[in-house]
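Novice: 1564 is the number that my numbering gives to position 197 of the sequence shown; each next residue is one higher, with no gaps.
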Amino acid sequence: MHRMEYAKVVRPHLYEHVSGDAALVREQDHILLAAIADVLGHGPEAHDLAVIIEEFLQGNWNDSVVGLMDELHERLRGSRGAGAGLCLVDCGPGWCDTELSIRPMHLQQDGFFHAGVQATVGDHTAGAAAATLMPSERRVLTVEFKINLLRPGQGDALQCHGEVLKAGRNVSVSESSIYGVAGSTRVLISKATVTLALLESNELEGSRA
C-alpha cells in the first residue's frame, strides 16, 4: 500500500477507568481496514466486549466489508450489543478505493443511501487519492466540492473509487465515483468532483491558532 497515515484515540466515559469503545486499523494484502465500535453502556462489562470486538477484528479477515460485518454480528449475538462501522481502503499513486458497510443509520427517510453519506465518502476518498501524490509533510484540504446524485443508492455496501484528474503544486482536482453494491451487482449512483488545496503542515497549525 502507498503511504497512509492514521491515528486512533479511545477515552473512557466520565468517572470510568476503562472504555467501552474499540478502534482498530490493520493492513492485510495491501488493503487497510479501519473499524470503530461503541458498546452499549459503560464500565468494565462494556470494556470486556470492546476487547472481544477488537480481538475478533485482529484475528479475522474478509475482503468484503459486508461479509466481515456479518461475521462480527454473529460473534456478538447474545451479548449486550454494540454499534460498529467498518471501512476497507486500498490505494496507489493517484487513486484510492474505499468501501463502507451500509447500516440503517446510513439511510434517509425512504431507505436510500443518504446524500450526506455519499458526499462524505466521496470527499474523503478524493482527498486520499490526492494525498498519495504528495510529500509526507504536506496535507490536503477541500476548498470546493460538487456531487451529482445520479440515481437512488441501494445495496449492502457503498464503494467509492477516487482518482486524481489534475495534480498541481498547490491545488489538485480529484473525482470520486460512488457505487451501490448488492451481491454481485454494482451500480454507479453518484459522482463527486473535489478541488483540494495542498498545504504545508505548519499552515494548518497556523489556521488553528
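From the three backbone atoms N, C-alpha and C, an ideal C-beta is built for every residue, glycine too.
I'd like to know if the region 1388-1401 and the region 1419-1433 are in contact, where contact means that at least 3 CB-CB pairs between them fall below 8 Å.
Specialist: Judged by Cβ distances under 8 Å, the region 1388-1401 makes contact with the region 1419-1433, as three or more pairs qualify.
Novice: Per DSSP, which one or two residues make a beta bridge with F1512?
Specialist: The count along the sequence shown starts at 1 and reaches residue 1512 at position 145. Per DSSP, V1561.
Novice: Could you spell out the range, first to last residue, of the beta strand (DSSP E) harbouring R1393?
Specialist: Along the sequence shown, one-based indexing puts residue 1393 at 26. 1388-1395 is the span of the beta strand (DSSP E), which, as asked, contains R1393.
Novice: Suppose contacts are defined by Cβ-Cβ distances below 7 Å. Is C1458 in contact with L1467 by that definition?
Specialist: Taking the first residue of the sequence shown as 1, we reach residue 1458 at position 91. Taking the first residue of the sequence shown as 1, we reach residue 1467 at position 100. No, these two residues do not count as a Cβ contact at 7 Å.
Novice: Kindly list the residues whose CB is nearer than 6 Å to the CB of A1576, restricted to its own chain and excluding five residues on each side of it in sequence; keep chain order.
Specialist: In the sequence shown, counting from the first residue as 1, residue 1576 sits at position 209. In this prediction, A1576 has a pLDDT of 49, which is less than 50 and means its spatial position is unreliable; what the coordinates show is noted afterwards. Once the five neighbours on either side are set aside, A1576 has no close Cβ partner at all.
Novice: When you compare only the Cα positions, how much space is there between A1374 and A1390?
Specialist: Within the sequence shown, numbered from 1, the residue matching residue 1374 stands at position 7. Within the sequence shown, numbered from 1, the residue matching residue 1390 stands at position 23. Each residue's alpha carbon lies about 10 Å from the other.
Novice: By Cβ distance, which residues of its chain are closer than 8 Å to F1479, with the 5 residues on each side in sequence left out?
Specialist: In the sequence shown, the residue the question calls residue 1479 occupies position 112. Result list for F1479: P1519, G1520, Q1521, in chain order.
Novice: Just to confirm my understanding: we take R1393, look at its own chain, exclude 5 residues before and 5 after, and list those with CB closer than 8 Å. What are they?
Specialist: The residue you call residue 1393 lines up with position 26 of the sequence shown. The residues are L1399, L1400, L1424, Q1425.
Novice: Suppose contacts are defined by Cβ-Cβ distances below 7 Å. Is A1498 in contact with S1541 by that definition?
Specialist: Locating residue 1498 in the sequence shown gives position 131, where the first residue counts as 1. Locating residue 1541 in the sequence shown gives position 174, where the first residue counts as 1. The answer is no: Cβ separation not under 7 Å.
Novice: DSSP three-state call for R1442: helix, strand or coil?
Specialist: Within the sequence shown, numbered from 1, the residue matching residue 1442 stands at position 75. If DSSP states are grouped into helix, strand and coil, R1442 belongs with the helices.
Novice: In this structure, does DSSP put S1539 in helix, strand or coil?
Specialist: Along the sequence shown, read from residue 1 onward, the residue named residue 1539 stands at position 172. Looking at S1539 - three-state DSSP - the assignment turns out to be strand.
Novice: Using three-state DSSP, classify E1530 as helix, strand or coil.
Specialist: Here residue 1530 is taken as the residue at index 163 of the sequence shown, counted from 1. Strand at E1530.
Novice: So I1403 is in the beta strand (DSSP E); what residue range does that whole segment cover?
Specialist: To locate residue 1403, count along the sequence shown from 1; it is residue 36. Segment 1398-1406, the beta strand (DSSP E) holding I1403.
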